[in-house]
Each structure stands twice: as C-alpha cells, then as structure tokens.
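Structure first, commentary second.
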Amino acid sequence: MTSYLFIVLGAVLVNNVVLVRILGLCPFMGVSKKLETAVGMGAATTFVLTLGCGTSAVLDTWLLVPNNLEYLRTLAFIVTIAAIVQLTELIIQKTSPVLHQVLGIYLPLITTNCAVLGIPLLNITQKHNLVESLLFGFGSSLGFTLALILFAGLRERLEGADVPRHFRGTAIGFITGGIMSLAFMGFAGLDKYK
Amino acid sequence: MISALLVMALGAVILGAALGYAAVRFRVEGDPLVEKIDGILPQTQCGQCGFPGCRPYAEAIARGEADINQCPPGGEEGIKKLADLLGREAKPLSGEHGIEKAKSVAVIVENLCIGCTLCIQACPVDAIVGAAKQMHTVIATQCTGCELCLEPCPVDCIVMEPIAESVESWKWQYPVFEIARRSA
Amino acid sequence: MSRRLFNFNGGVKPPYNKEASLGEAIADFFAVAPMPAEFVIPLHQSVGGPPHPLVKAGETVKKGQLIGGPDGNVSSAVHASTSGRVKAVEMRLMPHTSGLSALCVVIEPDGKDEWIDHAPVPWRSMSPGEVRDALRDAGVVGLGGAVFPSHLKVNPGKQGHLDTLVINGAECEPFITCDDMQMRQRPDGIIKGAAILRDLTQAKQVLIGIEDNKPEAVAIMRAAVDRLQAERIEIVAVPTRYPAGGAKQLIRVLTGIEVAHGKRSTDYGVQCFNTGTAHAIHDALELGRPMISRILTVAGNVDRPRNFEVRFGTPMNDVVALCGARPDSDRYIMGGPMMGYRMPAETVPVVKATNCILVGSKAMFPPPPPEMPCIRCGECAKACPSDLAPFELFWFSRAKIFGKAQEYHLFDCIECGCCAYVCPANIPLVDYYRFAKSEIWARENEKSAADTARERYEFRLAREERDKLEKAARLAAKAAETKAKLAEQQADSAAKKDLIAAAAARVADAENKTNAS
Chain V
193 MTSYLFIVLG AVLVNNVVLV RILGLCPFMG VSKKLETAVG MGAATTFVLT
243 LGCGTSAVLD TWLLVPNNLE YLRTLAFIVT IAAIVQLTEL IIQKTSPVLH
293 QVLGIYLPLI TTNCAVLGIP LLNITQKHNL VESLLFGFGS SLGFTLALIL
343 FAGLRERLEG ADVPRHFRGT AIGFITGGIM SLAFMGFAGL DKYK
Chain L
24 MISALLVMAL GAVILGAALG YAAVRFRVEG DPLVEKIDGI LPQTQCGQCG
74 FPGCRPYAEA IARGEADINQ CPPGGEEGIK KLADLLGREA KPLSGEHGIE
124 KAKSVAVIVE NLCIGCTLCI QACPVDAIVG AAKQMHTVIA TQCTGCELCL
174 EPCPVDCIVM EPIAESVESW KWQYPVFEIA RRSA
Chain E
7 MSRRLFNFNG GVKPPYNKEA SLGEAIADFF AVAPMPAEFV IPLHQSVGGP
57 PHPLVKAGET VKKGQLIGGP DGNVSSAVHA STSGRVKAVE MRLMPHTSGL
107 SALCVVIEPD GKDEWIDHAP VPWRSMSPGE VRDALRDAGV VGLGGAVFPS
157 HLKVNPGKQG HLDTLVINGA ECEPFITCDD MQMRQRPDGI IKGAAILRDL
207 TQAKQVLIGI EDNKPEAVAI MRAAVDRLQA ERIEIVAVPT RYPAGGAKQL
257 IRVLTGIEVA HGKRSTDYGV QCFNTGTAHA IHDALELGRP MISRILTVAG
307 NVDRPRNFEV RFGTPMNDVV ALCGARPDSD RYIMGGPMMG YRMPAETVPV
357 VKATNCILVG SKAMFPPPPP EMPCIRCGEC AKACPSDLAP FELFWFSRAK
407 IFGKAQEYHL FDCIECGCCA YVCPANIPLV DYYRFAKSEI WARENEKSAA
457 DTARERYEFR LAREERDKLE KAARLAAKAA ETKAKLAEQQ ADSAAKKDLI
507 AAAAARVADA ENKTNAS
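Chains as they are written, first to last, in the numbering used here: chain V, 193 to 386; chain L, 24 to 207; chain E, 7 to 523.
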C-alpha cells in the first residue's frame, strides 16, 4: 500500500514530468495563458496518459515481450496513444466545443508530446505491474496538471506586471518555469523508502 | 518478422474499429463556437469586414477563412476579445477593412427628405421609421452607425453625427501620474 | 440600556475636524442671504433615468410645483425650489466631476416664495403602491449621498415585514455635520419619519445608529423618543470609526448581519435610511411638502464654517460667500475629504446629493506625492471595510483585465477611500476602481446595444422571409383563382359549342329531310 503512495508521490512531486524530467514543454508553454484552458488540458492529458500507460504496459507484457518484439515498443505505443488521443478529441469536441477550439492544435499534439510517450517507456524500465503502471501514469499526469495549473496562475499574474518589452510572453514564461524547476528540486529524495 | 506484422495489423484493426465507433457515437452537429464569436461582434451589420453581416463573418472566423482583425466597429477591444476566446494572437486592425471611427448615429435632415423609403429598405436593424411620401426619421437609440443608409438616399439628406458625451455616459479617466525624478 | 454591538473589519480613524461647523445653529439660507439671481435646478438629481421637463420657458411656477416628471420606476420627481418664472430649460454646468452639462430648469425667483397648494397625504389609508407613488412624486431620494429613489426602498421585503429598520445617523466622514445638527435641532421630524417608515415596512424594531462622537445628538434624540413615546424605536450609540456610516457597515455593527456579495439587505430583513431622508419622508407624507431643500455643511478653508438649509438650485459660491472663503481657496468639493467629488466650477448649483461644500486650498489638500509601485504590503486589505482585496483590484484595474477585477468583487467596493488613505506607496486606489467600474459599465451598455441590434436584424430577416412567403402565397391564390375562372369559361364555351353543334346537326338533318323528299 505504501509503495503505491510513494509511486504516486514520486510521480507528482519528486520526479515531476515537466519540472524535473523536463518533458512535455510544448503544452506547458502553449496552453498555460489562462487557468481554465490549463485545467482542461491537464484533464485531457490525465485521461490520455493514465489510459495510455496502462494499455502500453498490458501491450508490452502480453503481446510484445512473449513474441520477442521489444523493438516494436515505440511504434506500438505511439499507435495506441494516437488512437486514445483521437478518442479524447472526439469526446472533448462533443462535450465542450469552446475548450476544443481553444486547445486547438495542442489537442492532437498530445500524440507527439514527449511526456505522453516517455512515461509509458519509463514505466517499462521500472518493471511495474498493471496497477503500478496505472498509478504511475496517473501520478505523472497529475504532476503535469499541477505544474500546468501553477504555471497558468503565475502567467495570469504576469499579464498585469511591468515586464520589459522584449521579455513579454514566452521569454518571461521560460524564466518563470526555470525558477519553478529550481523550487521543485526541493522535493528530491522524498520518495526514497525501502 | 511475421509475428511483428501480425501484431501491428491486429493493433491497427482493433484501434481503427474503436475510433470508427467513437466517430459515430460522438458526432457533433453544427458549430456552437459561431454563437460565441457572434456574441462578441458589435452587430452593426455594416459589411466592412467583407462579409454580408456579422453572422457570416463569425462563421468565416470559425471555419478559419477570415482573420480576427477585420471588424472596424468592434475596434481593438473586439479583436482582443476574439483573440482571448480563440486563443490566437491579437493583431492591429487590418487597414484594408476600414479604420476605427468615433461612434456616430445617422440623422435625416428633414427639410430635404422626399419620402422615397430607400433608406428604410437599406437599414439592417429597421431603425428608420417612415412610409412612402411620409417623413422618415432615424430612431437614434437603435441606430448602430453602420452607414448603409447613406448611399441609397437619392437626395443625400442623411448625415452621421458623432454621439456626444453626456453625464450618463462619461467615463473616469485612467489615472496617470508623473514619475518622480530625483534631482541630479 | 446596553445592547450588544458587533464590529466590521478595517476602517480608519482620520482627524474629524467637525467641531468648527457645530458652533452655530442651522440657518435657512433663503432667509438670511440675498436672493440668488436664478435657481438652476438640474433634472437628473438621482440614480436612475433622468426626469423629463414638464415646464417651458416663460411659464410661472410656484414653490413645490412639479417641474420634472419621473421617467420610469427608478426615477424621482424634481420640483421648483421657489416661486417665479421659468427663464429657460437648457443645458447648464452640472455639479459633476466631468464638467459636462445636463438639462436644467432655470427659474428666476419673484421674491414671493409662494407654496403651491399642498395637503398631507393620507398614507395610512392608501395602498403600498400608492404611497410609493406619492413618495416618488414628492421627489424623495436618499440624502446620505447616494441619492437612490427612496420610494423603491420602502419595501417590506420578501417576508412581508422587516426585522430591523436602521436609520443612519452615523455621519462618519470628516468635516460633515449636517446630520448631527439636524438631529440636535429637529429630532421630532426625524423620529416621526422613522415611525412612518416603521409602519410602512412593518418593521419589528427601529434602530437609529449615531456615532459616539456626537453625545449631544444621542441625548437629544433619546429624549425626543421618550417625549414622543415612539414605539419600538431605539437610539444606539456606535463606536466612532470611518466608515461606520456605510449602509452595510452600520447594519453589521447594529445587527451583526453581513450582507453577502450580490445580495441586498432586504434579503436579510434589514433596510437602511439616512436621518435626513426620514425627515424628508415625514415632510412629504405628513405635511405634503415635496423635497425642495436640504441641510448642508460648509466647511474647510472658510472663516465661519456652519450648516445651512439650502434650496436646490442655489449656486454654491453664493452659499460659501456667507461663510467667508479665505483668499487662497482654489476648489470646491461636494462631499467630504474621503469620498467627495471636485466641482468643475464654483457656480454649480446645490443638488440633492450635496451634503457638504468643502472649500479646499493647496495648503489644506497638498498635491499628493507621486505614485510608487505596489509592494503588496497588505495595509489596504487590513483597512478595507468591505472585506475586499484592494491590491488585487488595483493590479487588475491597472492592467485593464476587467474580468479578473470583477471576480475579486470590484462592484462591492463602496469607494470609501480607506485603502488609498493607508497606502504607503501613495497609490490613488479609488481612481483605479472608478476607472475600471465605468469601463465595465460602458462595455455592458455596448453589449446590450449589440444584442438589441442583433435581435432587430434577425427580426428584419424573418420579416422579409415572411413577406416573401405571403406574397408568394397571394400570387399562388390569385393564379389558382384565374385558373378556376378559365376552366369555368372553357366549360361554358364547350357547352355552347355542344349546343351549336346539336343545332347545326338538327338543321343539317332537316335539310337532308327536305332534300330527300
């Protein structure tokens, strides 16, 4: 039980996808202008990543490894993730057309999001069973959402600040993200148990 | 090798079937985004954007055929709101579609009006009252300032008057202060 | 009798400077001063729609005659302040910071000061709606400064009766003493007015809140309540702190009820009226007199600050002249130093909102030091009596992000000025809020105009469609009719042809017969 807690904790804080592993910067910078879109993006990524991580783990354990097809991992994972993303896009278009329009190109870009491919691959290296895989995927996406929401909140405040002209927008965003990364280094070592 | 192909083919078939089912199950009719865009546009129905009215322009924006900076009556404010809604960059107003002018209403000079009803037919919001051979007049509170009535009038008796500031419509100024300068 | 009082957060204790204007009794300006050459009475003196003028240039009017008819429900009537001749109905400078003009009725007094025929209103036997109409037509508006039409507030609320009626005698702003003097000199009118309001709203209790820096007023009002044997009316002394006189703040102090964001005090069974308004309601109903004057304080950079009862339309500089403005005076402020508005000129008329004319000078109000950046020290949030976050409101108003400003409840700000008073960076916070509020209102007006335009456009398209269909239907009907007629004609001619053929056949037959024989 505690090991499950530590898997999630490790994925959310200690090894945060965006701020510590530095993966998935594309939506991190692109969708964080407003809090509502950030939350929407986080929710979409959580759905995709949890499902993707679990499916990929199952795929790997039951199909690829028994047939000595480990070299197909990347290909198979990407195909699975692409299908899940397409499914998510259809659902979002039906339930919230505004969110769909606002997320725009970033929704299908979840497919090529290095975090969404990286987490299932990292999951395999850590030799998790199915439950642990799902928790790992869920925790990582929770960390992604957390970083995204924190960043969106900061960017909304930055909108009203006196930022020098050439730093406005993305530049000051990256600087802020870097400082957040420094802050998250404070969590290092928190998930060491055994 | 064969097993690899089989595995990939199997995966493709299953996922394809799932997506096909989802495409039917989650079909979306119409486009509610157009309503939201139309809600931002000023409804002058003037046609300066190049489209015959605000709704066609909203539909064009939603389809991606038109840019968001083509509406002069909406002004910088409108462009900023559209940019916020659609998550795009706000741009300055496109010069070829007109310039932002002060809000004005049309006024019919009564001693020149001949009662031809051509302006009544042209007004997109029915803000002109009158009948054939009767005096025409513009309902000032309903006039959007689109200027579509100026052309059809055969005796050029319509003028645009800018809306004067009144005590009710006066706005507080943005506070401006002098930066303190230290004497050298 | 001690009563449990509550507290509101924040507030400040500025120097009150009230003693100077308390020395002399209220004087009737009309009686003691030379007659002004003209009374300029603006039509728009209350919140809501501007009344339309009911008189024209050249007409004679009597004192108290209706000159501005209320336009709609949120509007209040305007009356002539004295008898005379209407010189003009024209645009004149308004006592408004913008320096713009608005429609005013200009009356040249005839010196006779004759009342129009008026009689007490039998309000006890009238329906609530009729009483409200009587108050509206008497021009009674809130005299605390917000000039909201009082007839809309005389409302027993959802439960059919009020729990508590609060009469606001706090008068928390520095320099202003008009309510204090009115309570000292005319307590009976106020208490009778409070009793009328109590009956109109079926209130269970009436609490008259007076700040404890006015011990004379408290004593005199208490004695008057005893003398008049007013039922269920209690005078309560509240601790002195600005802005204890704010409606929501006074309600909280007296009853502990916090009126939530977006709700009205009547939702909680409480309503609040100013003492001056209570007196005016008494005059309007018991004496039948419309509102034509009010008590105001002249204070600040003058030799003899005092209170006057001034008729509406009197030029402000005439009133100040009687108090001896010092030579270095350079501005008039309508209201107090915390919430007052600077007047564009000294000749603007006194209106229903004028509770004080504060004469200022550079020495009294030195130019503020330059604004420095906000360091989020939080002093403003500590001082805010409405429990808002002024630094956030400032941040978003400054950046013109109005959506976020409204999320922080910008419109709950009462513009009391406590935040600007305590700000160590000298930021004119209230100016930013006023700017943001007027921008938001302007945008909302534009939006509703655009929505109306869209409706009219869509209706026009629908109308054209309908016209087309009707025309087509008409033509089709006509075509069917003609077709029917044609068919009928054809049938007729066919019948005729048959007859002719039959006749010809008969003739041919007959010929054949004769030929044969």
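Cβ coordinates follow ideal geometry from the N, Cα and C atoms, glycine included.
Taking CB distances under 8 Å as the criterion, tell me whether residue i reaches chain V.
{"i": "Ala-431/E", "result": "no"}
{"i": "Met-31/L", "result": "yes"}
{"i": "Gly-121/L", "result": "no"}
{"i": "Lys-59/L", "result": "yes"}
{"i": "Leu-38/L", "result": "yes"}
{"i": "Ala-387/E", "result": "no"}
Comparing C-alpha positions only, which one of the options sits nearest to residue i?
{"i": "Val-128/L", "options": "Glu-471/E, Ala-455/E and Ala-507/E", "result": "Ala-455/E"}
{"i": "Arg-332/E", "options": "Thr-320/E, Val-308/E and Met-322/E", "result": "Val-308/E"}
{"i": "Ala-411/E", "options": "Ala-369/E, Cys-390/E and Arg-440/E", "result": "Arg-440/E"}
{"i": "Ala-236/E", "options": "Val-259/E, Leu-256/E, Leu-203/E and Thr-261/E", "result": "Leu-203/E"}
{"i": "Gly-151/E", "options": "Ala-395/E, Ala-507/E and Gly-251/E", "result": "Gly-251/E"}
{"i": "Val-148/L", "options": "Cys-166/L, Cys-139/L, Lys-156/L and Leu-141/L", "result": "Cys-166/L"}
{"i": "Glu-179/E", "options": "Ile-241/E, Asp-289/E, Gly-342/E and Arg-312/E", "result": "Gly-342/E"}
{"i": "Leu-227/V", "options": "Leu-295/V, Leu-314/V and Glu-281/V", "result": "Leu-295/V"}
{"i": "Ile-257/E", "options": "Ser-271/E, Glu-461/E and Ala-442/E", "result": "Ser-271/E"}
{"i": "Gly-97/L", "options": "Ala-522/E, Leu-364/E, Glu-452/E and Leu-467/E", "result": "Glu-452/E"}
{"i": "Ser-107/E", "options": "Glu-450/E, Cys-422/E, Val-365/E and Met-349/E", "result": "Met-349/E"}
{"i": "Thr-304/V", "options": "Ala-353/V, Pro-219/V and Asn-208/V", "result": "Pro-219/V"}
{"i": "Asp-252/V", "options": "Lys-319/V, Val-212/V, Ser-224/V and Arg-213/V", "result": "Lys-319/V"}
Just to confirm, are residue i and residue j a CB contact at a threshold of 8 Å?
{"i": "Leu-215/V", "j": "Leu-382/V", "result": "no"}
{"i": "Leu-309/V", "j": "Phe-269/V", "result": "yes"}
{"i": "Phe-397/E", "j": "Ala-387/E", "result": "yes"}
{"i": "Met-31/L", "j": "Leu-264/V", "result": "yes"}
{"i": "Met-189/E", "j": "Thr-281/E", "result": "yes"}
{"i": "Ser-299/E", "j": "Val-326/E", "result": "no"}
{"i": "Ile-407/E", "j": "Glu-351/V", "result": "yes"}
{"i": "Leu-11/E", "j": "Ala-351/E", "result": "no"}
{"i": "Gly-78/E", "j": "Gly-105/E", "result": "no"}
{"i": "Ala-33/E", "j": "Phe-279/E", "result": "no"}
{"i": "Pro-95/L", "j": "Ile-122/L", "result": "yes"}
{"i": "Val-428/E", "j": "Ala-389/E", "result": "yes"}
{"i": "Ala-39/E", "j": "Leu-328/E", "result": "yes"}
{"i": "Val-209/V", "j": "Ala-274/V", "result": "no"}
{"i": "Phe-154/E", "j": "Val-53/E", "result": "yes"}
Would you say residue i reaches chain E, if we count a Cβ-Cβ gap shorter than 8 Å as a contact?
{"i": "Gln-68/L", "result": "yes"}
{"i": "Lys-124/L", "result": "no"}
{"i": "Thr-140/L", "result": "no"}
With a threshold of 7 Å, establish whether the CB of residue i neighbours any heavy atom of the ligand ZN.
{"i": "Val-357/E", "result": "Absent from the structure shown: the ligand ZN. Ligands present: none."}
Note down the Cα distance separating residue i from residue j, rounded to an integer number of angstroms.
{"i": "Asp-273/E", "j": "Pro-162/E", "result": "10 Å"}
{"i": "Phe-35/E", "j": "Gly-345/V", "result": "59 Å"}
{"i": "Cys-424/E", "j": "His-102/E", "result": "22 Å"}
{"i": "Arg-86/L", "j": "Arg-347/V", "result": "29 Å"}
{"i": "Ile-102/L", "j": "Ile-316/V", "result": "48 Å"}
{"i": "Met-297/E", "j": "Pro-128/E", "result": "18 Å"}
{"i": "Gly-67/L", "j": "Ile-446/E", "result": "Sequence inspection shows Thr at residue 67/L; the Gly mentioned does not correspond to that position. For Thr-67/L and Ile-446/E, the distance between alpha carbons rounds to 21 Å."}
{"i": "Ala-284/E", "j": "Ile-339/E", "result": "25 Å"}
{"i": "Ser-89/E", "j": "Ala-37/E", "result": "14 Å"}
{"i": "Leu-340/V", "j": "Ser-224/V", "result": "6 Å"}
{"i": "Gly-275/E", "j": "Val-172/E", "result": "11 Å"}
How about the stretch 116-135 of chain E and the stretch 266-283 of chain E: do they share at least three Cβ pairs that are nearer than 8 Å? no
For the stretch 200-217 of chain E against the stretch 163-171 of chain E, are there 3 or more C-beta pairs whose distance is under 8 Å? yes
Could you say if the stretch 234-250 of chain V and the stretch 334-348 of chain V meet the contact criterion of at least three C-beta pairs nearer than 8 Å? yes
Would you call the stretch 28-43 of chain E and the stretch 143-159 of chain E touching, i.e. three or more CB-CB distances under 8 Å? no
Is it a yes or a no for the stretch 336-356 of chain E touching the stretch 306-326 of chain E, going by three-plus beta-carbon pairs under 8 Å? yes
Across the stretch 194-208 of chain V and the stretch 313-331 of chain V, are there enough close Cβ pairs to call them in contact, namely three or more that are closer than 8 Å? yes
Touch check for the stretch 368-387 of chain E and the stretch 61-73 of chain E: three-plus C-beta pairs under 8 Å? no
Any contact of the stretch 85-96 of chain L with the stretch 112-120 of chain L, i.e. 3+ C-beta pairs under 8 Å? yes
Given 8 Å, three or more beta-carbon pairs between the stretch 362-372 of chain V and the stretch 241-252 of chain V: no
Assess contact between the stretch 122-129 of chain E and the stretch 240-256 of chain E, defined as three or more Cβ pairs (one per stretch) separated by less than 8 Å. Is contact present? no
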